[in-house]
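Undergrad: So that we are looking at the same thing, I have put the structure below in structure tokens.
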Amino acid sequence: MSRVPLLDTTTAPVDSRALLQQIHQTFGATPNMFKAVANSPAALGSMWGSFGALGGGSIPAKLGEQIAVAVADRNRCEYCLAAHTALGRNAGATLEEMASAQAGHSDDAKTAAALEFALKLVDHRGQLGNTDVARLHAVGFSDGEIVEILAHVALNLFTNYVNVAFAVPVDFPAVKLRAAA
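Per numbering that gives the first Met the number 0, residue 0 is the first one in the sequence shown, and the count goes up by one each step.
Structural data, given as structure tokens:
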């Protein structure tokens, strides 16, 4: 059971209702995560705006979803792991690619470098060195793409924390977390 109420367009604060309608139209349903965040119109606007902005960025959707499952697994967020595995499949990733990304790996050198960078951001709380950014440049990422990778990580930390801290019920097909390290 969620630690905060899961709201809909009839129970949410007035300023959350239009965003909940947009979210419902986008997904064909309103995922529980957004129902939980709807308790704060400001938080819902921030989260939904970030998804929209990054969805229109230069990082391909498939890579964004691969980053999301790697971060979700690291943070033990079953909700985000399930949701982003499904979204990754919709973005053209195979089940094998998503499972590999969940472990922080990829057969594609560019994707592997992005996942390594994303997980280092999480593990070291953003404390990186010059070589970490240089590795991304070496595989062909631009400065703008590197900033977007960081933005994807930051958004996923937000969503992971929402779902874990508030025990939001998973409403996507379940995906098993990797064994704890």
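Backbone N, C-alpha and C fix where the C-beta goes; we use that ideal spot for every residue, glycine too.
Hey, would you say Y78 sits closer than 8 angstroms to M46, going by beta carbons?
TA: no
Undergrad: Between the Cα of G91 and those of H104, Q65, A164, D122, spot the shortest distance and give me the residue it belongs to.
TA: Q65
Undergrad: Taking only runs of the alpha helix (DSSP H) that begin and end inside the stretch 48–84, which ones reach a length of at least 4 residues, in chain order?
TA: 60–73
Undergrad: Taking only the alpha-carbon atoms, compute the straight-line gap between A11 and G128 and give it to the nearest angstrom.
TA: In this structure, the alpha-carbon of A11 lies about 43 angstroms from that of G128.
Undergrad: Can you tell me whether H24 is buried or exposed, with buried defined as 16 or more other CB within 10 angstroms of its CB?
TA: Note that residue 24 is Gln in the sequence shown, not His. By the 10 Å Cβ count, Q24 comes out exposed.
Undergrad: Which residues mark the beginning and the end of the alpha helix (DSSP H) in which R134 is found?
TA: Counting along the chain, the alpha helix (DSSP H) containing R134 begins and ends at 129–137.
Undergrad: Three-state secondary structure (DSSP) at Q101?
TA: helix
Undergrad: Contact check, L62 vs A113 under 8 angstroms by CB: the rounded distance?
TA: 6 angstroms
Undergrad: Run the CB neighbour count on T84, radius 10 Å, all protein chains shown included, and call it buried at 16 or more, exposed below.
TA: buried
Undergrad: Hey, how far is the Cα of A71 from the Cα of L80?
TA: The alpha-carbon of A71 is positioned some 5 angstroms away from that of L80.
Undergrad: For A180, which residues in the same chain have their Cβ closer than 8 angstroms to its Cβ, ignoring the five residues on either side in sequence?
TA: Caution applies to A180, whose pLDDT of 48 falls short of 50 and renders its modelled position unreliable; the value that the coordinates give is listed next. Taken in chain order, the list of residues that qualify is empty.
Undergrad: Considering K34, what are the terminal residues of the alpha helix (DSSP H) in which it resides?
TA: 31–36
Undergrad: Taking the CB atoms as reference points, tell me whether A117 and I148 lie closer together than 8 angstroms.
TA: yes
Undergrad: G143 by DSSP, collapsed to three states: which one?
TA: helix
Undergrad: To which residues of the same chain is Q20 closer than 7 angstroms at the C-beta, ignoring the five residues directly before and after it?
TA: T8
Undergrad: Mind checking which residues open and close the alpha helix (DSSP H) that includes S15?
TA: 13–26
Undergrad: Considering Cα atoms alone, identify which of F26, N89, A153 is closest to L53.
TA: Ranking the options by Cα distance to L53, first place goes to A153.
Undergrad: Candidates L135, G27, V167, F26: which alpha carbon is nearest A111's?
TA: Shortest Cα-Cα distance from A111 to any of L135, G27, V167, F26 involves L135.
Undergrad: From A17 to A69, what does the alpha carbon distance come to, in whole angstroms?
TA: When only Cα atoms are considered, A17 and A69 end up about 31 angstroms apart.
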